[in-house]
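Each residue of the sequence shown is one higher than the one before, counting from 0 in numbering that gives the first Met the number 0. Some notes on the structure that comes next.
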Amino acid sequence: MFARILCLLSIIALCGFAPLDYRIYAPEAKRIVERMTLEEKIGQMTLPSIDMIYHDGGLSVIRQDKLGAVLAEGDTVPPQGPELKNWQALAEAMKKQATFPLLLGTDAVHGNQHVANAVIFPHNIGLGAAHDPELINAIASWTAYDVEQSGFNWIFAPTVAAAHDYRWGRTYESFASDPALIKQYANAYVQGAQLIANNRITGALTSTKHFIGDGNTDAGIDEGNDTVLNDEQFLKDNYPGYIGAFEASTGNVMVSYSSINGLPMSINKKMLQKYLLPYFSGFVVSDYGAIEKAAIKVKRPYAKVLADAINSGIDMIMLTNEFPQLYTSIAQFQQILLKDVENGLISKRRIDEAVVNIIQVKLAMGLLDKNNLPMSKPPGDENQIALQAAEESLVLLKNNRVLPVDPNKLKQVILLGDAVDDIGSQCGGWRIVWQGKKGNQYTDNRATSILMGIRNNVGNKVNIIVNDLPASYTHHDTIAIVVLAEFPYAEYLGDVGNNNPLYNHIRNPYAPTFEPKDLVVHYDKTIEKRIQQLKAAGVPVITVLLSGRPMVISAGATSPLRLSSAFIAAWLPGTTGGQAIANAIFGQYHFRQISQTNTLTFAWPASMQQVGQLFCARSGKKPKPLFDCGFGLSD
Ligand code: BGC
0 MFARILCLLS IIALCGFAPL DYRIYAPEAK RIVERMTLEE KIGQMTLPSI DMIYHDGGLS
60 VIRQDKLGAV LAEGDTVPPQ GPELKNWQAL AEAMKKQATF PLLLGTDAVH GNQHVANAVI
120 FPHNIGLGAA HDPELINAIA SWTAYDVEQS GFNWIFAPTV AAAHDYRWGR TYESFASDPA
180 LIKQYANAYV QGAQLIANNR ITGALTSTKH FIGDGNTDAG IDEGNDTVLN DEQFLKDNYP
240 GYIGAFEAST GNVMVSYSSI NGLPMSINKK MLQKYLLPYF SGFVVSDYGA IEKAAIKVKR
300 PYAKVLADAI NSGIDMIMLT NEFPQLYTSI AQFQQILLKD VENGLISKRR IDEAVVNIIQ
360 VKLAMGLLDK NNLPMSKPPG DENQIALQAA EESLVLLKNN RVLPVDPNKL KQVILLGDAV
420 DDIGSQCGGW RIVWQGKKGN QYTDNRATSI LMGIRNNVGN KVNIIVNDLP ASYTHHDTIA
480 IVVLAEFPYA EYLGDVGNNN PLYNHIRNPY APTFEPKDLV VHYDKTIEKR IQQLKAAGVP
540 VITVLLSGRP MVISAGATSP LRLSSAFIAA WLPGTTGGQA IANAIFGQYH FRQISQTNTL
600 TFAWPASMQQ VGQLFCARSG KKPKPLFDCG FGLSD
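This is the structure we're talking about:
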């Protein structure tokens, strides 16, 4: 009932949308810019991380360098810890230093993930499988609310990449391999997060990313090159998400690290000026250290590449301290930019234009309005919404008349696998820290691991045995649930077979290096032995896969798909994932009870050879996948 009311409210919100042209704020923005010094303008165009600010001497750097924006980078944690009150205090302290209202950006890509105990929603790949734009709209509103509560106002989401190759470590940030769906979901997300009303952003600013082709690189290499032979096909595959976000008036777009035919997007004037700037009136930001990396890639002086990026249409530069050979402080970066203007590499007109673009959005956000009201709480219950999303995201790939299980007929449940009690593995990357972390730390009692969810559902008459076999079991009274999980990961480190030495310095201690064999899922030897014993007694085995991408599950005679009576692809379902999985196993939730929920938006590979060949929207000759897009059983 609740869900229905929520949907109704959201549909009304989606239907009644009036787009916002940020240029209505141009006259006021221009008046402000006219009164600014060149240094102040450069301050508006500089986006350093909190870590860089501390590195340069502390929060007073915000005042000294006249900063207009700051970001929490992947691993930023307030000195006192990641609890909400510490983030609030940090945001307040930063705002106090500001000489002009600050944009405070954060990678809230599946909820306000930097903050301890935040509700974490399924990653986009799961939201895609849920096929529920109203729900995405509601999730975006709650994320914006949580971000605003923590004192921030700018979400680096949605990612509208169309992932083409599952070796890409950001596949899970992609909604679908059907660009029409990405368009729809991007639109729903931006509307839900920004909540535009009366030409004002009443929620949080969105950064639609990464323009363009981040998910289409050769061999799925993060930040790699897109070999584009046919522009029309490239746009067909990778552009619709942006159209969805433009139609919802996203106030910001982030430019991709990736290149097209060798030319980094940050300096790809043609693509930015032809397909981005004419359709969008917000401001454009570069990715973290992207100009620095572009300069290294094209082997040209940084100052020149910086000028090219700004002249191509980038208004704000996201800095990094990863390349001390280029600059070692925020002030030093600003000097380089200042010199570019003095040397005529960037015109004063272009600087004014960039700053007007930024300030227009700040005006639309009400940041300059002393009476700006705080964002109101979205309708519904956040944790229920997360649970509904996690339930709808699960895809049932096999069911030999096992699901749903009636707990009243059971005496015992055997749980096998490392991640049976691991909320960190359910959340995946971009949680508290950049690459994510295994374990149940940073959660409150709203979060459930699979073990906790099962306990909630089977009651105390049923025995739960974890990573062991009981003395006796029969198929009448016992089921086994095996949880397989990828180690949490995020960008670059989650790539499979990406041995780029550029990443070696960050590779450890975060995550293992993923090799092609890691995309082929097997049970480990102990689990396999136990499963064989259980199967000999006819005990049904249900396998749940927590993963950021479709993986090979059907290789060989002892493959997980073959040995399981039922198989659920659970993606990265977030903090309510454990309860969602338990609900689906014990019949509190039924797969596909509503139209299209619980179906694949990425085709499932039959072999390792297929991981880069299954893009769903592509017509023509393709290999036959194990399960095609749209697949998902009901129970
Ligand atoms: C990622 C972006 C992210 C940014 C800020 C980059 O490395 O590509 O998606 O928003 O970092 O954390």
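From the three backbone atoms N, C-alpha and C, an ideal C-beta is built for every residue, glycine too.
The shortest CA-to-CA distance from Ala302 to any of Glu291, Gly312, Lys296, Ser311 is the one to Glu291. The ligand BGC approaches Tyr287 closely enough that one of its heavy atoms is under 6 Å from the residue's Cβ. Look at Gly73: its beta carbon is less than 6 Å from one of the heavy atoms in the ligand BGC. Approximately 5 Å separates the beta-carbon atoms of Tyr278 and Phe245; this is inside 8 Å, confirming the contact. Under the three-pair Cβ rule at 8 Å, the stretch 355–373 does not count as touching the stretch 538–551.
Taking C-beta atoms as the reference points, Leu395 and Leu46 fail to come closer than 7 Å. Sequence-distant partners of Ser311 (beyond 5 residues in either direction) whose C-beta falls short of 6 Å from its own C-beta, in its chain, are Ile266, Lys268, Leu271. Here Phe151 is near Thr105, since their CB atoms are less than 7 Å apart. Nearest to Asp368 by alpha-carbon distance, out of Tyr238, Leu101, Asp55, is Leu101. Under DSSP, Ile464 takes part in a beta bridge, and its partners are Ile413. Pairwise C-beta distances place the stretch 421–440 in contact with the stretch 572–579, as three or more of them are shorter than 8 Å. Residue state for Gly223 is assigned as coil, using DSSP reduced to three classes. When rounded, the separation of the alpha-carbon atoms in His163 and Pro323 is 34 Å.
Annotated as distal: Ser285 and Asp213, with beta-carbon spacing of 7 Å or more. Around Glu39, the same chain offers Lys65, Thr98, Phe99 as residues with beta carbons nearer than 8 Å, after the five sequence neighbours per side are excluded. Between Leu409 and Asp476, the C-beta spacing is below 7 Å. Check the Cα spacing between Val432 and each of Arg22, Val108, Gly15: the tightest is with Val108. Straight-line measurement puts the Cα of Ile384 at about 7 Å from the Cα of Leu134. For Lys361, there is no enclosing beta strand (DSSP E); the residue is part of the alpha helix (DSSP H) that begins and ends at 347–363. Taking a contact as a CB-CB distance under 8 Å, the pair Ser59 and Val114 does not count as one, their CB atoms being some 25 Å apart. Between the C-alpha atoms of Ala156 and Leu126 there is a straight-line separation of about 14 Å. If you ignore the 5 residues before and after Val355, its C-beta comes within less than 7 Å of the C-beta of Ala25, Ala28, Lys29, Val32, all in its own chain and listed in chain order. Taking Thr319 as the centre and dropping the five residues before and after it, the same chain places the C-beta of Tyr287, Gly288, Glu291 closer than 7 Å to its C-beta, in chain order. Residue ranges of uninterrupted alpha helix (DSSP H) with 4 or more members, entirely inside the stretch 559–607 and ordered along the chain, are 559–562, 576–584. Judged by DSSP secondary structure, Leu450 falls within the alpha helix (DSSP H) whose first and last residues are 449–457. Within its own chain, the residues whose Cβ lies closer than 6 Å to the Cβ of Pro263, once the five positions on either side in sequence are excluded, are Ala293, Lys296, listed in chain order. Relative to the ligand BGC, the nearest heavy atom lies less than 6 Å away from the CB of Asp106.
Annotated three-state conformation of Gly80 is coil, per DSSP.
In the DSSP annotation of this structure, the continuous segment of the alpha helix (DSSP H) that includes Ile384 starts and ends at 381–392.
Beta-bridge annotation (DSSP): Lys397 is paired with Phe566. For Ala128, the enclosing alpha helix (DSSP H) starts and ends at 123–129.
Within 10 angstroms of the beta-carbon of His122 lie 16 or more other beta-carbons, which makes it buried.
Of all alpha-carbon atoms in Val69, Gln63, Arg166, Arg34, the one lying nearest the alpha-carbon of Asp50 is that of Val69.
Excluding sequence positions up to five before and after Glu91, its CB lies within less than 7 Å of the CB of Gly150, all in the same chain and listed in chain order.
In the DSSP assignment, the residues bridged to Ile200 are Ile195. Contact between the stretch 217–234 and the stretch 186–205 is absent: fewer than 3 CB-CB pairs across the two stretches fall below 8 Å.
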